[in-house]
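Working notes, beginning with the structure itself.
Numbering (full-length UniProt numbering), first residue to last: 1 to 890.
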């Protein structure tokens with residue numbers, strides 16, 4: 001039987017679904033049902049009925065409701081503040097499902113106090129309105145009676161009772177809300193005749209009440225019939241997140257098939273109980289294993305203590321390599337006493353921990369790393385100067401200064417063994433390759449009796465000049481282990497010093513890692529690209545390197561992970577850099593800087609013949625007869641196919657030629673020999689990208705050739721100047737110039753403007769013309785003051801319309817008074833002039849002494865003109881005056 005109703009409604013989220021005949025409570029926020037707060041309280045006082053409408057999201061503009069709501073009887077309404085907003089806790093009994101047809105609103109002037117008002121033109125004044133919905137319900141009493149009858153006749157009453165009892169006693173497992181206190185209190189007020197004021201029950205009190213009621217009732221099925229509402233209340237309390245089928249049951253629940261709801265819940269209970277049982281079993285098993293482990297460890301500790309008292313090996317000593325070393329009369333000297341004590345204490349602490357704990361794993365890793373480090377273990381040096389010289393010559397052509405420094409170090413070692421009476425007392429031999437140096441890890445530096453004068457070098461030079469491979473040659477010449485540490489792009493100081501052990505994933509820094517990798521404390525360390533370290537908020541790695549490279553400090557190097565000092569004094573550190581100016585000044589002060597020259601043409605030919613060509617042939621498995629190349633062809637390749645300071649590009653060219661010959665050999669198996677000549681070079685390599693004499697600029701006004709120095713070596717700069725009328729005047733700079741170079745251009749312009757008459761510039765109005773200075777190859781950043789004289793020359797040339805001879809180049813910083821100041825990189829700039837076939841080079845007078853470092857092969861091709869003031873350059877270039885002083889080499 002259906003009964004049509006028009007009722008007020010309350011919007012509730014779907015995760016608070018309840019079932020008919022049960023008790024529950026909901027929190028109604030002002031934003032959920034703003035017009036119903038006062039209405040709900042009014043209806044509750046008049047024992048009226050409401051409808052709960054369920055929606056997935058009550059805060060959207062178009063709220064989508066479920067078609068089936070709950071027809072409820074309000075039992076209690078309590079005002080509260082929730083998160084700073086006005087709210088209402090509504091406790092109710094669900095009477096039945098309400099089937100929603102439509103929504104509207106109705107006027108009500110006398111009965112309700114609403115928060116919303118509207119103006120009605122037919123009424124006097126302002127009236128309230130309330131939102132209502134229309135729908136129908138089935139006759140509540142008829143449905144409930146039919147449901148009871150079905151339940152009485154069902155053969156599974158006892159099973160239902162079992163489900164209910166299990167549901168109550170295992171409420172925590174099924175996610176039954178224990179916070180819905182008002183609803184459960186109303187439930188027991190109704191069923192157990194509570195006469196006092198309603199009190200909130202917690203879940204344990206509810207269990208006690210139910211258990212006592214079951215005990216008093218002889219027939220469990222009758223108990224269920226009398227407490228049917230309790231069962232439906234508990235179904236409503238099921239957590240939607242843990243029982244996702246709850247929503248489906250609500251939508252599909254039919255009073256004619258109540259058994260299906262019971263079975264659904266029963267299946268859920270059975271699955272949940274089984275899962276709970278499995279989890280409990282796993283936890284119990286894990287706890288048993290941990291307890292078992294604890295007991296065994298305690299037993300082992302007692303046994304170890306007893307064995308130690310008898311002077312016998314403990315149970316773990318048999319497999320511990322570290323313990324075996326301590327029993328060896330020689331190897332036990334490898335570890336300093338302080339380290340032995342730390343390992344002993346940390347090992348004891350670890351044995352008292354549960355292995356599964358995170359801290360135990362940290363302690364274990366720390367102890368293992370302390371055991372792994374070589375400490376006083378070193379490799380035996382090969383003290384043979386003749387052999388060392390042969391190895392260094394084999395790997396590198398030239399670089400005399402570096403080779404001499406390594407041979408000097410070797411000589412000091414030989415001298416120490418020969419004349420230092422304490423040397424033999426400080427060294428204990430392990431085998432033919434390794435020994436223990438007792439001079440390491442002394443508590444006080446004053447206790448040291450052997451000083452090795454270990455070199456700490458910084459090799460500075462353009463790419464491809466052999467810096468990295470030189471370190472390998474040194475390690476081979478001295479019979480030392482080789483470790484490479486790349487520092488390019490390192491920004492974090494902890495990469496050098498390591499992380500503190502309190503951090504997750506802590507590890508030692510690159511230096512200590514390198515020592516552990518080498519297995520000895522006297523390896524050769526290559527610190528590659530030390531000029532490319534950066535600094536940010538994480539620290540300054542260059543500052544951390546100060547301690548590593550300082551001979552006075554590196555015997556007490558502090559790594560954050562070890563928390564102990566490590567002696568690096570026997571390690572040969574070789575740092576490499578491309579650009580001297582990028583190395584921090586503090587580091588330069590601590591190392592021996594050796595600058596590597598760019599290779600000359602003759603040196604490149606020698607390197608190609610002695611090193612590169614044999615290597616290329618071996619890499620592609622060619623016969624020597626298939627790679628016949630003359631010196632003339634080599635020189636042509638170097639001049640026309642490469643333009644570099646080193647030989648990497650030359651190696652790539654030779655590799656390409658070798659691959660072409662391999663293809664020919666594969667296609668022509670009978671090929672026995674192959675000559676690489678000028679005639680077939682274009683076929684093998686394509687058109688030559690570089691030219692020589694034709695590279696020089698045309699002699700037109702406004703162009704001057706300067707010389708520059710960068711990370712890639714020396715290069716030439718053709719500075720161009722043009723002039724055009726403008727109202728602003730001034731200077732315009734292009735070509736990716738940095739600040740110092742821009743300042744040089746400004747100084748040059750000021751100098752020319754203040755001496756315009758002297759330079760023959762008479763009718764030029766600087767205020768009405770813009771002077772545009774451009775340095776080609778704009779994609780390459782350029783900086784430095786050494787282009788000052790070149791800027792000045794190009795500006796004078798443009799304003800006087802007098803060209804600069806293209807066989808002249810210049811370098812030097814200029815002042816506002818016309819003085820020419822010294823510059824750096826003269827050697828590299830001379831190489832650039834040599835490659836460009838430039839005959840005359842103006843240099844600052846203060847740089848004359850630097851000419852000694854330039855190879856004779858380069859100097860012989862250049863005439864240097866030293867100058868103190870710019871007007872000397874002006875007189876030679878623009879007034880055809882002969883230079884007073886020239887420097888040539890024969």
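All residues carry an ideal CB built from backbone N, CA and C; glycine is no exception.
Note that the C-beta distance between residue 53 and residue 11 is below 8 Å. Straight-line measurement puts the Cα of residue 385 at about 7 Å from the Cα of residue 411.
For the pair residue 826 and residue 838, the CB atoms are not nearer than the 8 Å cut-off.
Across the set 641, 638, 609, 643, the C-alpha of 609 shows the shortest separation from the C-alpha of residue 627.
Of all C-beta pairs linking the region 394-413 to the region 594-606, three or more are shorter than 8 Å, placing the two stretches in contact. 8 Å or more divides the Cβ of residue 787 from the Cβ of residue 723. Apart from sequence neighbours up to five positions away, the residues of its chain that approach residue 388 with a beta-carbon distance below 8 Å are 382, 406, 407, 410, 477, 478, ordered along the chain. Of the residues 767, 751, 775, the one whose Cα lies closest to the Cα of residue 819 is 751.
Put simply, of 519, 657, 457 the residue whose alpha carbon is nearest the alpha carbon of residue 528 is 457. A contact is defined here as three or more CB-CB pairs under 8 Å, and the region 368-375 meets this definition with respect to the region 516-523.
For residue 698, the CB contacts under 8 Å within the same chain, skipping 5 residues up- and downstream, are 806 in chain order. Out of 741, 744, 726, the CA that lies nearest to the CA of residue 767 is found in 726.
Here residue 719 is buried. Its C-beta has 16 or more other C-beta atoms within 10 Å. In this structure, DSSP gives residue 68 an extended state, which the three-state scheme calls strand. Taking C-beta atoms under 8 Å as the contact rule, residue 556 and residue 565 qualify, at a distance of about 4 Å. Contact annotation: the region 483-496 does not touch the region 339-353, with fewer than three C-beta pairs closer than 8 Å.
Nearest neighbour of residue 757 by Cα position, chosen from 237, 874, 414, 459, turns out to be 874.
Remark: fewer than three beta-carbon pairs, one from each stretch, lie closer than 8 Å, so the region 738-755 and the region 852-865 are not flagged as touching.
Per DSSP, residue 809 lies in no alpha helix (DSSP H); the unbroken beta strand (DSSP E) holding it starts and ends at 808-810.
Between the region 462-471 and the region 571-583 there are three or more C-beta pairs closer than 8 Å, enough to call the two in contact. The count of Cβ pairs closer than 8 Å, one atom from the region 430-438 and one from the region 495-504, stays below three, leaving the stretches out of contact. Partner residues in the beta bridge of residue 774, as assigned by DSSP, are 720, 734.
Exposure of residue 329 is indicated by the presence of fewer than 16 other C-beta atoms within 10 angstroms of its C-beta. Around residue 584, the same chain offers 542 as residues with beta carbons nearer than 6 Å, after the five sequence neighbours per side are excluded. Scanning its chain for C-beta atoms nearer than 8 Å, with the 5 sequence neighbours on each side dropped, one finds around residue 394 the residues 473, in chain order. For residue 358, the enclosing alpha helix (DSSP H) stretches over residues 358-372. Linking residue 804 to residue 795 through their CA atoms gives a straight-line distance of about 11 Å. Using a Cβ-Cβ distance cut-off of 8 Å, the region 567-575 and the region 611-620 are not in contact, since fewer than three pairs of beta carbons, one from each stretch, lie closer than that value. Residue 677 counts as exposed, since fewer than 16 other C-beta atoms from the protein chains shown sit within 10 angstroms of its C-beta. Fully enclosed beta strand (DSSP E) runs of no fewer than 3 residues occupy 524-528, 572-577, 592-595 of the region 519-595, in order along the chain.
The three-state reading of DSSP puts residue 751 in helix, counting H, G and I together. In this structure, the straight-line span from the alpha carbon of residue 510 to that of residue 773 is close to 47 Å. Here residue 657 is buried. Its C-beta has 16 or more other C-beta atoms within 10 Å. Straight-line measurement puts the Cα of residue 729 at about 16 Å from the Cα of residue 761.
As computed with DSSP, residue 81 is found in a beta bridge with 86.
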